[in-house]
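Structure first, then comments.
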Amino acid sequence: MPSNVPHPGVPPAGSATLLIANRGEIAVRIARTAREMGIRTVAVYSDADAGALHVAICDHAVRIGPAEPASSYLCVAALLDAARTTGATLLHPGYGFLSENADFADAVEGAGLLWVGPTGVSMRTLGSKLAARAAALALGIPVLPSAQQGEPFDGLGFPLLIKASAGGGGRGMRRVDRAGDLDEAIAAARAEALAAFGDDTVYAERLVEAPCHVEVQVFGDGIGGVAVLGDRDCSIQRRHQKLVEEAPCSRLGVLRPAVLERARALAQSVRYRSAATVEFLWDGAEAWFLEVNTRLQVEHPVTELVCGIDLVRWQLELALGGESLASGRWGDREARGHAIECRVVAEDPANGFLPAPGQLGRVRWPRGPGVRVDAGVRESGGETVSPHYDALLAKIIVHAEDRESARRRMIAALEATVVTGIPTTVERLLDVMHDEAFVHGVHTTATLGAVQPGGGVGGDALGGDALFLAAAALAGGEVHRGGSDGASSVDAGGDASGDVERASPGPWQTLSRWA
Numbered sequence: 001m002p003s004n005v006p007h008p009g010v011p012p013a014g015s016a017t018l019l020i021a022n023r024g025e026i027a028v029r030i031a032r033t034a035r036e037m038g039i040r041t042v043a044v045y046s047d048a049d050a051g052a053l054h055v056a057i058c059d060h061a062v063r064i065g066p067a068e069p070a071s072s073y074l075c076v077a078a079l080l081d082a083a084r085t086t087g088a089t090l091l092h093p094g095y096g097f098l099s100e101n102a103d104f105a106d107a108v109e110g111a112g113l114l115w116v117g118p119t120g121v122s123m124r125t126l127g128s129k130l131a132a133r134a135a136a137l138a139l140g141i142p143v144l145p146s147a148q149q150g151e152p153f154d155g156l157g158f159p160l161l162i163k164a165s166a167g168g169g170g171r172g173m174r175r176v177d178r179a180g181d182l183d184e185a186i187a188a189a190r191a192e193a194l195a196a197f198g199d200d201t202v203y204a205e206r207l208v209e210a211p212c213h214v215e216v217q218v219f220g221d222g223i224g225g226v227a228v229l230g231d232r233d234c235s236i237q238r239r240h241q242k243l244v245e246e247a248p249c250s251r252l253g254v255l256r257p258a259v260l261e262r263a264r265a266l267a268q269s270v271r272y273r274s275a276a277t278v279e280f281l282w283d284g285a286e287a288w289f290l291e292v293n294t295r296l297q298v299e300h301p302v303t304e305l306v307c308g309i310d311l312v313r314w315q316l317e318l319a320l321g322g323e324s325l326a327s328g329r330w331g332d333r334e335a336r337g338h339a340i341e342c343r344v345v346a347e348d349p350a351n352g353f354l355p356a357p358g359q360l361g362r363v364r365w366p367r368g369p370g371v372r373v374d375a376g377v378r379e380s381g382g383e384t385v386s387p388h389y390d391a392l393l394a395k396i397i398v399h400a401e402d403r404e405s406a407r408r409r410m411i412a413a414l415e416a417t418v419v420t421g422i423p424t425t426v427e428r429l430l431d432v433m434h435d436e437a438f439v440h441g442v443h444t445t446a447t448l449g450a451v452q453p454g455g456g457v458g459g460d461a462l463g464g465d466a467l468f469l470a471a472a473a474l475a476g477g478e479v480h481r482g483g484s485d486g487a488s489s490v491d492a493g494g495d496a497s498g499d500v501e502r503a504s505p506g507p508w509q510t511l512s513r514w515a
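Shown next as structure tokens:
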């Protein structure tokens, strides 16, 4: 059982105390920055996490309930009680769980704590897909044609996508290819959305097949100042979820300045506070607004590495009374070099990426220049991966002077990674790193479905050259094959990046998003 005795070096009484309302690698990552800042940390844990790494590294730890998320990590009363009994002065929600729950944010501030994140008002405006779309339209930001409930969905043409207004993580989404399937898809999407988010509101959106998924990281001071911290490519996906991310994105070209300013304008329109991600789908001609994630993203480390910043530190400084962006403490950053993040998840790629809970055996994370690992489990191994929570074990992040150097560094890092006892995504991540479309930076959201073990491209999606050529066309460049070594190259006019998704969502996703 964890001790409630503070670690040596804890700041004196009366200094800031941070309760981290999360678990796993993000709780560990937040705690480490807080310790650097001299902030006392409080972990919370369920019965399943009593021996977890995030519990061990914090100054205090409080049990908040049984393994089921609804009775622990999603229990507002338990979290606020933990904050009260430990004298916490501020609370960081991480991502997932209650991180985008505006009512929770209001409850935290109502209890006299500092909320490390956006205001509840901002979350209600930008966290709802429909409200965010309306805000984007009001600013003249291109939004995909859509139809709301009560309007004819088939007027959009086919294929189209039925989407839940609330939540995320691929829940409440259905592709429809013909009118005869529309009613059944709407009913299924509404039922899933109601079960997952308590809200069965859905809408239809024109489907962009095999786009590039682009993200823009922004940071607001809450009074109208917004810093733009570059972009990311999050295109390698399955079931609308990610497994690999990169910064910067290589394919926006001349459209990049406009996309960055669109993200800034949207955040400024609500006087956004703290970190947010504005997402777009790029079809080779236009970057269409998708949604806003009103929290820290799983993939925030790639932005940190290319910008040379600590986003969690920025969040904590702002919550503790930091000055405005005009003071110069924070501000726009341009990318230096290239970063790639791979998610090591307890899933079985050979079985449709289904979660693979169980006991870990040997664990070894990579080390070396330009390699960062954000892990939620110890290298000593022996920990149990619970079926109650998301199965993310660690994120391996590399940084190098250019994309190809970063890709090669990631291959070496993945080859040095050892996780035994249960299936993980490590081998499939290596396949992605070797895949032809990914190598040349022309991958799309359809690429992962075509990647085969061993790094080849299969025929179940577009298949082989067809996929590669289609992706190259999306990249807006020419494909040059041949040369003395038989290699291929792509003239896409930029840098590059990618992303893959993860397994079936865990129970906690019923109240939040992780994307």
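Its first residue numbered 1, the sequence shown is counted upward by one per residue in this note's numbering. By construction, the Cβ of each residue, glycine as well, lies at the ideal position given by its N, Cα and C atoms. All values reported here derive from a predicted model rather than from experimental measurement.
- For Q149, the secondary structure class from DSSP, reduced to helix, strand or coil, is coil.
- Runs of the alpha helix (DSSP H) lying entirely within the region 137 to 223, each at least 4 residues long, are 182 to 197 in chain order.
- Less than 7 angstroms separates the beta-carbon of P366 from that of T417.
- The three-state secondary structure of V418, taken from DSSP, is strand.
- In this structure, R171 is the residue among D181, L182, R171 with its C-alpha nearest to the C-alpha of L194.
- In the three-state DSSP reduction, H338 falls in the strand class (E or B).
- In the same chain as G376, and ignoring 5 residues on each side of it, the C-beta atoms closer than 8 angstroms to its own belong to R23, G24, E25, I26, A27, V28, A52, L53, H54, L392, L393, A394, in chain order.
- Residue range 244 to 247 is occupied by the beta strand (DSSP E) that includes E245.
- For I20, there is no enclosing alpha helix (DSSP H); the residue is part of the beta strand (DSSP E) that begins and ends at 17 to 20.
- Looking only at A346, A16, C234, the smallest Cα-Cα distance to L113 is reached by A16.
- For L429, DSSP assigns no beta-bridge partner whatsoever.
- With contacts defined as CB atoms closer than 7 angstroms, V143 and F289 qualify as a contacting pair.
- Residue state for F104 is assigned as helix, using DSSP reduced to three classes.
- T384 has its alpha-carbon roughly 29 angstroms from the corresponding atom of E192.
- A258 has its alpha-carbon roughly 18 angstroms from the corresponding atom of G331.
- T201 and M173 have their C-alpha atoms some 11 angstroms from each other.
- Around A413, the same chain offers P366, V371, I396, V398 as residues with beta carbons nearer than 7 angstroms, after the five sequence neighbours per side are excluded.
- Following the DSSP letters along the chain, one finds I39 in no beta strand (DSSP E), marked with neither H nor E.
- About 7 angstroms separates the beta carbons of G94 and A21, which is inside the 8 angstroms limit, making them a contact pair.
- Sorting V292, E291, D310 by C-alpha distance to the C-alpha of H300 places D310 at the top.
- Per DSSP, H399 is one residue of the beta strand (DSSP E) stretching across 392 to 400.
- Looking at the DSSP output, E261 sits in no beta bridge, so it has no partner there.
- As for any beta strand (DSSP E) of minimum length 3 sitting wholly inside the region 342 to 380, the runs are 371 to 375, ordered along the chain.
- Of the other Cβ atoms in all chains shown, 16 or more fall within 10 Å of the Cβ of R238; this residue is therefore buried.
- Contact between the region 28 to 38 and the region 307 to 321 is present: three or more C-beta pairs spanning the two stretches fall below 8 angstroms.
- Take E205, set aside five residues on each side of it, and the residues of its chain with a beta-carbon closer than 7 angstroms to its own are L144, S146, L160, L161, K163, in chain order.
- Inter-segment contact for the region 85 to 92 and the region 241 to 248 is absent: fewer than three beta-carbon pairs are separated by less than 8 angstroms.
- For the pair G382 and R362, the Cα-to-Cα distance works out to about 7 angstroms.
- Contact annotation: the region 420 to 439 does not touch the region 60 to 73, with fewer than three C-beta pairs closer than 8 angstroms.
- For D374, the number of other beta carbons within 10 angstroms of its own is at least 16, and it is reported as buried.
- Our two residues, L266 and R364, have alpha carbons roughly 42 angstroms apart in a direct line.
- The residues S46, D47, A48, S386, H388, in chain order, have a CB closer than 7 angstroms to that of A67 in the same chain once the five nearest residues on each side in sequence are set aside.
- The criterion of a C-beta distance shorter than 7 angstroms is not satisfied by G421 and L325.
- Checking the DSSP bridge columns, you'll see F97 has no partner listed.
- The beta-carbon distance between G337 and E436, rounded to whole angstroms, is 23 angstroms. This is too long to meet the 8 angstroms contact definition.
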